[in-house]
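What follows is a set of notes on a single structure, which appears directly below.
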Amino acid sequence: MIHGGWEFVWGAYGLTWFVLTSYGFSLWQRHRRLSKREKNSR
Amino acid sequence: MKSKVILIFLILFFAFAQYWGLVRAPADRMMGDVYRILFVHVPAAWNALLLLTVSFVGCLLYLLRRKEFWDRLAHSSMEIGLVLTGLVLPLGSLWAKPTWGVWWTWDPRLTTTMILFILYAGVLILRQLIDDPVRRAKISSAVGLLIYLNVPIVYLSVRWWRSLHQLQSSPSTMDPQMVLALRLNAFALLGLAVFFLVQRMRLLKREALIEEKESLPPPLPRGAQS
Chain G
19 MIHGGWEFVW
29 GAYGLTWFVL
39 TSYGFSLWQR
49 HRRLSKREKN
59 SR
Chain S
37 MKSKVILIFL
47 ILFFAFAQYW
57 GLVRAPADRM
67 MGDVYRILFV
77 HVPAAWNALL
87 LLTVSFVGCL
97 LYLLRRKEFW
107 DRLAHSSMEI
117 GLVLTGLVLP
127 LGSLWAKPTW
137 GVWWTWDPRL
147 TTTMILFILY
157 AGVLILRQLI
167 DDPVRRAKIS
177 SAVGLLIYLN
187 VPIVYLSVRW
197 WRSLHQLQSS
207 PSTMDPQMVL
217 ALRLNAFALL
227 GLAVFFLVQR
237 MRLLKREALI
247 EEKESLPPPL
257 PRGAQS
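Top to bottom, those sequences are chains G and S.
Under the working numbering, think of the first position of the first sequence as 19, with each following residue one higher.
Under the working numbering, think of the first position of the second sequence as 37, with each following residue one higher.
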């Protein structure tokens, strides 16, 4: 049986949160940029 | 407002599913606690393949019906499928190091997944290079159909080439708490993926409307109309 290895587990869960949060943030940023562009095009 | 409420619910559900995987599921007989990476690695892989299958459907229906909606679906699901495929690879490495002793090996499952990532990244780059929206949609749909061939290869690679990567597990060989943790995490990630998909499609629709507006000639001054 493998003992320990929690650092790999925390790394994996942390990475998952980081990637999903970053993608969600990028969507929000693109949404904001579009809103600005929409204002300027009026 | 409605989107924010849904997002908060999905984040809470995701956190609950992760808690179940980290705390409530028992340790594995062979792999100890390291196996808990399964609860993020496998749902990410399942959802990546699911989204790439949705993109295949979008590409096919765009070519058949030529409706912008299907191109938006194909583009958005491809992007989120790519993000999840990009997540699966390092998660696999984090699991491989303590169990196989290496971060990476050219195992058929790993290699085909890496090829999958490169192919879909290529299509998204290709989309950026074509200005005409109709031509962009046609070409990326055709390429999207073609590269989807790799998705069943990735799925079946562990059966075709018996190598280092383990075969798909069956719920009958797992502890019920492990099965529950896996299902909770899979549905929680699916919920977030669908949320992202809807938001991305909305963004693409808005972007197309703005581009259409910007391409119109500016209105003539009042005096010049007569």
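Yeah, the Cβ is synthetic: ideal placement off N, Cα and C, and Gly gets one too.
Query - Through-space distance from S/I154 to S/G122, alpha-carbon basis - result: 10 Å
Requested in this report: Check the DSSP bridge columns for S/D64 and list the partner residues they point to.
Outcome: S/G68
Report task. Can you have a look at S/Y55 and say buried or exposed, based on whether 16 or more other CB atoms are within 10 angstroms of its CB? Result -> exposed
Query raised in the report: Would a check of beta-carbon distances place S/L125 closer than 7 Å to chain G?
Result: no
Query raised in the report: Hey, would you say G/G23 sits closer than 7 Å to S/P207, going by beta carbons?
Result: no
Query raised in the report: Are S/L88 and S/G128 close, meaning C-beta to C-beta below 7 Å?
Result: no
Requested in this report: Output yes or no for whether 7 Å exceeds the beta carbon distance between S/A61 and S/A222.
Outcome: no
**Report entry** Interface partners of G/R48 on chain S, CB under 8 Å
**Finding:** L239
Query - Against chain S: residues of the stretch 23 to 45 of chain G by CB proximity under 8 Å - result: G23, W24, F26, V27, G29, A30, Y31, L33, T34, V37, L38, Y41, G42, L45
Query raised in the report: What is the DSSP secondary structure of S/S206, reduced to helix, strand or coil?
Result: coil
**Report entry** S/A81 versus G/W35: straight-line alpha-carbon distance, rounded
**Finding:** 15 Å
Query raised in the report: Whole alpha helix (DSSP H) runs in the stretch 100 to 149 of chain S with 4 or more residues, listed along the chain?
Result: 104 to 136
Query raised in the report: By a C-beta neighbour count over all protein chains shown, 10 Å radius and 16 as the cutoff for buried, is S/N83 buried or exposed?
Result: buried
**Report entry** Given G/N6 as reference, the closest of S/F50, S/E250, S/S176 once Cα atoms are compared
**Finding:** Residue 6 of chain G is absent from the model: chain G starts at 19 and stops at 60.
Query raised in the report: Under 7 Å between C-beta atoms, does G/R51 make it to chain S?
Result: no
Report task. Give the interface partners of S/I189 over in chain G, defined as CB-CB distance under 7 Å, in chain order. Result -> Near S/I189 there are no residues of chain G at all, since even the closest Cβ is about 24 Å away, more than 7 Å.
Requested in this report: Indicate whether the contact test is met: 3 or more Cβ pairs, each with one atom in the stretch 90 to 103 of chain S and one in the stretch 175 to 189 of chain S, closer than 8 Å.
Outcome: yes
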